[in-house]
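*Asks:* If you want this note's numbering, it's the position in the sequence shown, counting the first as 1, plus 168. In this text, a Cβ means the ideal position worked out from N, Cα and C, and glycines have one as well. Got a structure for you, questions after.
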Amino acid sequence: MNADTFPTREQLKVLFLQKYGHPEQVGWAPRRRYRFAYYLPSDVYECLVGTLVTPGCVWLDVGGGHHIFPENPGLAGELVSRSAKVVAIDPSDNVLRNRFVHERVQSTLEEYRPDQQFDLATMRMVVEHVSFPEEFVGQLARLVKPGGVAVVLTINRLSPIGLLSWLLPFRFHHPIKKFFWGGEEEDTFPVHYLMNTRPELRRLFEQVGFEEEAFARLDDLSALARFRRLYHLELLAWRGLKFAGLSYPEHCLLGVYRRRSDP
């Protein structure tokens, strides 16, 4: 991680208290994560976005559907109130039920033609669904102001779950997703994984005038969070691998890309 861009341990602790409550009074899964000093990729993403939403910010949330932070509506409301304008765009009609934002647009990003540019564009678990990456990032370059920032949180296509979802027919995606994480079928969409490695993300963004400002590989210990004993074993395995200097196989990618001010 870039220490100047990504949240500190203390900032993540503050987010934990805001999102979940006191460690001794929350459910067993977040309580164990706190004791292991482990934070979910979504926690890191939310904390990071919180530092980037400055007073008067003009913010575009891409592909968020009917929410900005699914598990943290309190922070979403706080950040929206801090912003001058927040626009949510999504081709799904889920976006019309987004109660947080100032403007809801049911459209693909490529077809969106606003009369303004944005200080910040956020994409949480979105780019794995993009079928034409060059057009997607090209439109981001037109929508984000010079000096503005695009933030991407996505799964690494080379992680076990990424490989599994790429290999399995789409009809199996929601039953598997519901078993491990819950959720509604309307929130499950086909995946393409055309921009789901660090080199590919960097290449795509750099060719349209962005620079990679920061990048992190975030271990993802969420698949077993509904199974108490298995989850404890997963946390122990994660700690053991970390102690041995080894990478955890399941992880997400978090990238921050700043649009260059020069032509």
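According to DSSP, simplified to helix, strand and coil, what is cysteine 225?
*Replies:* coil
*Asks:* Alpha carbon to alpha carbon, how far is glutamine 186 from glutamine 179?
*Replies:* 11 Å
*Asks:* In chain order, what residues of the same chain have a beta carbon less than 8 Å from the beta carbon of histidine 297, not counting five sequence neighbours either side?
*Replies:* Gly231, Phe357, Pro358, Val359, His360
*Asks:* Kindly indicate which three-state DSSP category arginine 177 falls into: helix, strand or coil?
*Replies:* Arginine 177 falls in the helix class under three-state DSSP.
*Asks:* When the Cβ atoms of the segment 384-391 are set against those of the segment 281-289, are three or more pairs found closer than 8 Å?
*Replies:* In this structure the segment 384-391 does not lie against the segment 281-289, because fewer than three pairs of beta carbons, one per stretch, are closer than 8 Å.
*Asks:* What runs of the beta strand (DSSP E), each 3 residues or longer, lie entirely inside the segment 286-335?
*Replies:* 286-292, 312-323
*Asks:* When the distance is taken between beta carbons, is valine 294 closer than 8 Å to histidine 270?
*Replies:* no
*Asks:* Could you name the residues that DSSP lists as bridge partners for phenylalanine 378?
*Replies:* Arg427
*Asks:* Is it right to say threonine 219 is buried, meaning 16 or more other beta carbons lie within 10 angstroms of its own, or is it exposed?
*Replies:* Around the C-beta of threonine 219, fewer than 16 other C-beta atoms lie within 10 Å, and the residue is accordingly described as exposed.
*Asks:* Tell whether a beta-carbon distance below 8 Å holds between glycine 233 and valine 263.
*Replies:* yes
*Asks:* Quick one: give me the first and last residue of the alpha helix (DSSP H) that alanine 405 is part of.
*Replies:* For alanine 405, the enclosing alpha helix (DSSP H) stretches over residues 396-411.
*Asks:* Out of curiosity, what's the CA-to-CA distance linking tryptophan 196 and valine 305?
*Replies:* 40 Å
*Asks:* Quick one: grab the DSSP three-state call for threonine 186.
*Replies:* This sequence places glutamine at residue 186; threonine is not what is there. Helix.
*Asks:* Just to confirm, are leucine 208 and proline 175 a CB contact at a threshold of 8 Å?
*Replies:* Taking C-beta atoms as the reference points, leucine 208 and proline 175 fail to come closer than 8 Å.
*Asks:* Compute the distance between the beta-carbons of leucine 369 and glycine 315, then report whether it is under 8 Å.
*Replies:* Not in contact: leucine 369 and glycine 315 (Cβ atoms no closer than 8 Å).
*Asks:* If you drop the 5 nearest sequence neighbours on each side, which residues of the same chain put their C-beta closer than 6 Å to that of leucine 398?
*Replies:* Once the five neighbours on either side are set aside, the close Cβ partners of leucine 398 are Leu392.
*Asks:* Could you give the distance in angstroms between the alpha-carbon of glutamate 379 and the alpha-carbon of arginine 371?
*Replies:* 10 Å
*Asks:* Tell me whether the beta-carbon of valine 252 lies closer than 8 Å to the beta-carbon of valine 226.
*Replies:* Per the sequence shown, residue 252 should be read as alanine rather than valine. Valine 226 sits close to alanine 252, with the two beta carbons spaced by under 8 Å.
*Asks:* Ordered along the chain, which non-local residues of its own chain (more than five positions away) have a Cβ less than 6 Å from that of tyrosine 367?
*Replies:* Sequence check: residue 367 is proline here, not tyrosine. Excluding its 5 nearest sequence neighbours in each direction, proline 367 has no C-beta neighbour in its own chain below 6 Å.
*Asks:* Report yes if the CB atom of proline 328 is closer than 8 Å to the CB atom of glutamate 418, and no otherwise.
*Replies:* yes
*Asks:* Considering only DSSP beta bridges, list what valine 254 is partnered with.
*Replies:* Trp227
*Asks:* Answer with buried or exposed for serine 415, where buried requires no fewer than 16 other C-beta atoms within 10 angstroms of its C-beta.
*Replies:* The residue is exposed, with fewer than 16 neighbouring Cβ atoms inside 10 Å.
*Asks:* Using DSSP's beta-bridge definition, name the partner residues of aspartate 387.
*Replies:* His419
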